[in-house]
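Everything on this sheet refers to the single structure shown next.
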Amino acid sequence: MGVHATRLAEDLQREIWGFAQAVIDAESQVCADNRMNYWKSRLTLSMEHAKARGMDPGEIAHQCELSLCTPHGAKPVPSSSLSRIENYLHQQGVPAKLQSPVRFDLGSAPLR
Numbered sequence: 138m139g140v141h142a143t144r145l146a147e148d149l150q151r152e153i154w155g156f157a158q159a160v161i162d163a164e165s166q167v168c169a170d171n172r173m174n175y176w177k178s179r180l181t182l183s184m185e186h187a188k189a190r191g192m193d194p195g196e197i198a199h200q201c202e203l204s205l206c207t208p209h210g211a212k213p214v215p216s217s218s219l220s221r222i223e224n225y226l227h228q229q230g231v232p233a234k235l236q237s238p239v240r241f242d243l244g245s246a247p248l249r
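Written out as structure tokens, the structure is:
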């Protein structure tokens, strides 16, 4: 799959990040439901496309975990939002584990 797999991963990461931001905003009552539905729809389509192209649900989960559990220069996603997102992913058959995510600390590893 090569380049196509990379594109699928990028699409999934973008969609999960957009969905996460909509969930955060909805919890803060900053956005309307239609924004959340928009991102949920995009994420669902991306997951279905990835599955149709042969991406394993575990790999989809990994892409979601990478997007939400690594630093992006923004505030981390609140645990209440992670819980809602994780529940949605589980409903879609994606075994993501966002509640106690592994945080990647890129600054602590020595360079050789």
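Residue 138 is where the sequence shown starts when you use the working numbering, and the numbers rise one by one after that.
Cβ atoms here follow ideal geometry from the backbone N, Cα and C, with glycine treated the same way.
Is Gln228 helix, strand or coil by DSSP?
Here residue 228 refers to the residue found at position 91 when the sequence shown is read from its first residue. Residue state, collapsed to three classes: helix.
According to the neighbour-count rule (16 or more other Cβ atoms, all chains shown, within 10 Å of its Cβ), is Arg221 buried or exposed?
Here residue 221 refers to the residue found at position 84 of the sequence shown. Under this definition Arg221 is a buried residue.
Do the CB positions of Cys201 and Leu235 come within less than 9 Å of each other?
For the purposes of this step, residue 201 is taken as the residue at position 64 of the sequence shown. For the purposes of this step, residue 235 is taken as the residue at position 98 of the sequence shown. Yes, Cβ-Cβ distance for Cys201 and Leu235 is below 9 Å.
Does the distance between the C-beta of Glu147 and the nearest non-hydrogen atom of the ligand ADP fall short of 8 Å?
Ligands are entirely absent from the displayed structure, and the ligand ADP is therefore not among its contents.
Just tell me which of Ser216, Met173, Ile153, Glu164 has its CA closest to the CA of Leu226.
In the sequence shown, residue 226 corresponds to position 89, counting from 1. Per the Cα distances, Ile153.
Could you pull out every residue in the same chain whose Cβ sits closer than 7 Å to the Cβ of Glu164, ignoring the five residues on either side in sequence?
Start at 1 with the first residue of the sequence shown, and residue 164 comes out as number 27. The residues are Ser217, Ser218.
Quick one: what does DSSP say Pro194 is sitting in, helix, strand or coil?
Here the question's residue 194 lines up with position 57 in the sequence shown. Correct three-state label for Pro194: helix.
How about Ala189 and Ile197: do their beta carbons lie closer than 9 Å?
Taking the first residue of the sequence shown as position 1, residue 189 is located at position 52. Taking the first residue of the sequence shown as position 1, residue 197 is located at position 60. Contact flag unset, no.
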